[in-house]
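Just below is one structure, and these are the notes that go with it.
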Amino acid sequence: MAETTTLLIEIGALLLGMGLLGRIAGRAGVSPIPLYLLAGLAFGQGGLLPLSASEEFFEVGSEVGVILLLVMLGLEYSAGELLTSIRRSALAGLLDALLNALPGAALALLLGWGPVAAVALAGVTWVSSSGVIAKVLRDLGRLNNRETPVVLSILVIEDLAMAFYLPLLSALVVGAGLAEGARTMAIAVSAALVILFAALKYGRVISTLFSPRQREALLLGVLGLTMLVAGVAEQVNVSAAVGAFLVGIAISGPVAEHASELLTPLRDVFAAVFFVFFGLQTDPAEIGPVLLPALALAIITIATKLLTGYLAARRAGIGEPGRWRTGLALAPRGEFSVVIAGLAVSAGIEPTLAPLVTTYVLITVVTGPLLARLPESPRFRAALRRRMLSRDRGAVPPRR
Amino acid sequence: MAVRIEQVDLPGIGVRHDVLTETGRRVSVLTHRSGERTLAVFEVDDPDSCRDPVTLTDDEAEALAELLGASVMLGQLSALREAAGVYTEQIVIAADSPFVDRRLGDTRARTRTGASIVALLRDGSVVPSPGPETRLQAGDNVVAVGTRTGLDSLTRIIADGAN
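Residue numbers (our numbering), protein chains in the order written: chain A, 12 to 411; chain B, 10 to 172.
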């Protein structure tokens, strides 16, 4: 068979399989991300049926997937929303970073993986999946709830923090000595700041490049600009993902709305390819040894997210049940954790990182949405009511 | 009358407006970026959580708003009746009225009688604050506010275009 023919057959079969998996996930009401990762595991190195011809396609496709994930994330937010979120929830964001990055970093150091891997794993455990969480909140009809802005502000701050974290990580991963590392990092962070400033200040000008009415021209134009900026950002070690995110923030108004409508199907295809590719790179045989650490990490970081959300909601004046809803909703990790791990793995800093993160994301992305439903269960409500009652009783001064 | 409305931005999703009622309840309207909107009422025993969010189409939201607006307006009109010397009256446009299919402005109601036409009731719905270009139809119920004499002469004008 000619190579292109094999390529078509492999890609076709895999995409079709992913389509069916996506349908199953939709039926079961869960995120398809874990299923895509599993599909990748099954077909990758050491899997059931290694692919031969299409590896390169999936590699390029996954690169495009990351860029599309991030540009869409940027399109979701306007510059004003970013600023108000930071002003209002900076403290919650800081608490979130501390409580959730530390367990990851600690585990990496415990496993003797060195400081760079520690920074990478810290990022993996820090960021929640805004995509999964937004979907869960919508599905559970909680968008009108009073605690929802607390959840969303934390997500916004995490996403924005990625604009600084990712270039920092890429600089670290490139390594090259302390002085050289500091230099690349300085370049990376200042480049991110410059692009962010340009996006905030001249976003409207950039948007006038495009017309929301011409679909084809808009699609090509936004896609082109995104990939161009992503490429240039990668060139100066800012990481393509951050370039794409900043392009998304710079585009605003009706152009942003129409562009995100047009890009969504593309994003869905290539993001799925990205998850499969991450799975492809992981050898399923390596999952066994990391299962326990991954499980422990998942349990600890679900608890720290719960605490983060609980405290943030309490600060915002939300009642007891709402605080639990906030904390439990924040639990799932997802696309961003995989992006971070992908960055670290492709630089070859720690081969065991990939199976660990795959397992970790599999656990949290499946249990997260289930945990988010917990506050609705009658048993949970009853337990909470008892807790609140006993606390109220405790507050009453004892009778003489 | 002061009503407490809270506005909250939901980054990436839209804007939420809550109306806090005197009875201590919270009614919330979430306007999504996509233009869709959801109406929800907050629970009593868990004041941060909403119950049964309802998604409304443009038409449904408009119909609901008109319904609320009309009921408020009719309430205010009946309250006016108690004010000294000012009355509200509903005048039906008869089929033989000279103003059928003519513009409201042609009646020159306010200049000639001092009475104001504040609404039209037509086919069971309300046209609030009709403008001078609004066309009158046979069977329209004109809601007018004015003094006794003003309303009487308005009734005559509408009936036969007198004076």
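Note that beta-carbon positions come from the ideal geometry of N, C-alpha and C, so glycine has one too. Owing to the predicted nature of the structure, the values given are computational and were not obtained by experimental measurement.
Measure the C-alpha to C-alpha separation of residue i and residue j and round it to an integer number of angstroms.
i, j, result
"residue 46/A", "residue 28/B", "43 Å"
"residue 397/A", "residue 391/A", "10 Å"
"residue 345/A", "residue 11/B", "45 Å"
"residue 411/A", "residue 394/A", "Its pLDDT being 43, under 50, residue 411/A is placed unreliably by the model, and the measurement read from it follows with that caveat. Going by the C-alpha atoms only, they are around 30 Å apart."
"residue 200/A", "residue 317/A", "31 Å"
"residue 143/B", "residue 113/B", "6 Å"
"residue 409/A", "residue 57/B", "Any reading at residue 409/A is ruled out, since the residue's pLDDT is 47, under 50, leaving its predicted position unreliable."
"residue 321/A", "residue 37/A", "29 Å"
"residue 75/A", "residue 282/A", "8 Å"
"residue 137/B", "residue 39/A", "49 Å"
"residue 43/A", "residue 29/A", "9 Å"
"residue 100/B", "residue 109/B", "13 Å"
"residue 290/A", "residue 50/A", "7 Å"
"residue 262/A", "residue 37/B", "30 Å"
"residue 154/A", "residue 103/A", "20 Å"
"residue 231/B", "residue 383/A", "Here chain B has residues from 10 to 172 only, and residue 231/B is not among them."
"residue 225/A", "residue 219/A", "13 Å"
"residue 319/A", "residue 145/A", "18 Å"
"residue 72/B", "residue 45/B", "15 Å"
"residue 125/A", "residue 43/B", "46 Å"
"residue 156/A", "residue 359/A", "44 Å"
"residue 305/A", "residue 375/A", "10 Å"
"residue 138/A", "residue 78/B", "46 Å"
"residue 356/A", "residue 24/A", "27 Å"
"residue 145/B", "residue 97/B", "19 Å"
"residue 128/B", "residue 33/A", "55 Å"
Can you list, in chain order, the residues of its chain whose CB lies under 8 Å from that of residue i, leaving out five sequence neighbours each side?
i, result
"residue 174/B", "Since the first and last residues shown for chain B are 10 and 172, residue 174/B lies out of range."
"residue 251/A", "74, 77, 78, 241, 242, 244 and 245"
"residue 207/A", "174, 257 and 260"
"residue 53/B", "34"
Tell me, which residues are paired with residue i by DSSP?
i, result
"residue 135/B", "130/B"
"residue 99/B", "152/B"
"residue 16/B", "26/B"
"residue 65/B", "46/B"
"residue 125/B", "154/B"
"residue 215/A", "None; residue 215/A has no bridge partner."
"residue 36/B", "28/B and 50/B"
"residue 9/A", "Outside the shown range of chain A (12 to 411) lies residue 9/A, about which nothing can therefore be said."
"residue 112/B", "144/B"
Leaving out five residues on either side along the sequence, give the residues of the same chain with a beta carbon under 6 Å from the beta carbon of residue i.
i, result
"residue 288/A", "69 and 73"
"residue 106/B", "167"
"residue 119/A", "128, 129 and 132"
"residue 162/B", "122"
"residue 116/A", "129 and 133"
"residue 254/A", "240, 241 and 244"
"residue 280/A", "none"
"residue 93/A", "171"
"residue 161/A", "323, 324, 327 and 337"
Between residue i and the rest of its own chain, which residues show a CB-CB distance below 7 Å, the 5 nearest in sequence each way excluded?
i, result
"residue 278/A", "79, 80 and 83"
"residue 158/A", "324, 329, 333, 336 and 337"
"residue 86/A", "259, 262, 267, 270 and 271"
"residue 331/A", "395 and 399"
"residue 273/A", "226, 229 and 230"
"residue 88/A", "167 and 260"
"residue 215/A", "263"
"residue 99/A", "164"
"residue 248/A", "178, 181, 182, 185, 195, 198 and 199"
Using a threshold of 7 Å, is the CB atom of residue i nearer than that to any non-hydrogen atom of the ligand HEM?
i, result
"residue 244/A", "The ligand HEM is not part of this structure, which contains no ligands at all."
Members of the region 167–178 of chain A near chain B, C-beta cut-off 8 Å: 167
Against chain B, which members of the region 133–155 of chain A pass a CB distance test of less than 8 Å? 141, 145, 152, 153, 154 and 155
Which complete alpha helix (DSSP H) runs does the region 277–359 of chain A hold, if anything under 4 residues is left out? 298–326, 331–340 and 346–357
Only counting runs of 3 or more residues, tell me where the beta strand (DSSP E) segments fall wholly within the region 39–63 of chain B, in order along the chain. 46–51
For the region 53–72 of chain B, which residues have a CB atom closer than 7 Å to at least one CB atom of chain A, in sequence order? 55, 56, 57, 58, 59 and 62
Residues in the region 309–340 of chain A with C-beta within 8 Å of chain B's C-beta atoms, listed in sequence order? 329, 330, 332, 333 and 336
Cβ-based contacts, 7 Å cut-off: residues of the region 66–100 of chain A near chain B: 87, 88, 92, 95 and 96
Ignoring anything shorter than 3 residues or poking outside the region 78–150 of chain A, list the beta strand (DSSP E) runs there in chain order. none
Selection of the region 12–36 of chain B by Cβ proximity to chain C, strictly under 7 Å: Considering every chain present, this structure includes no chain C. Its protein chains are A and B.
Cβ-based contacts, 9 Å cut-off: residues of the region 113–133 of chain B near chain A: none
Against chain B, which members of the region 266–281 of chain A pass a CB distance test of less than 8 Å? 268
Which ranges does the alpha helix (DSSP H) cover as unbroken runs of at least 4 residues, wholly within the region 217–277 of chain A, from first to last along the chain? 226–246 and 251–261
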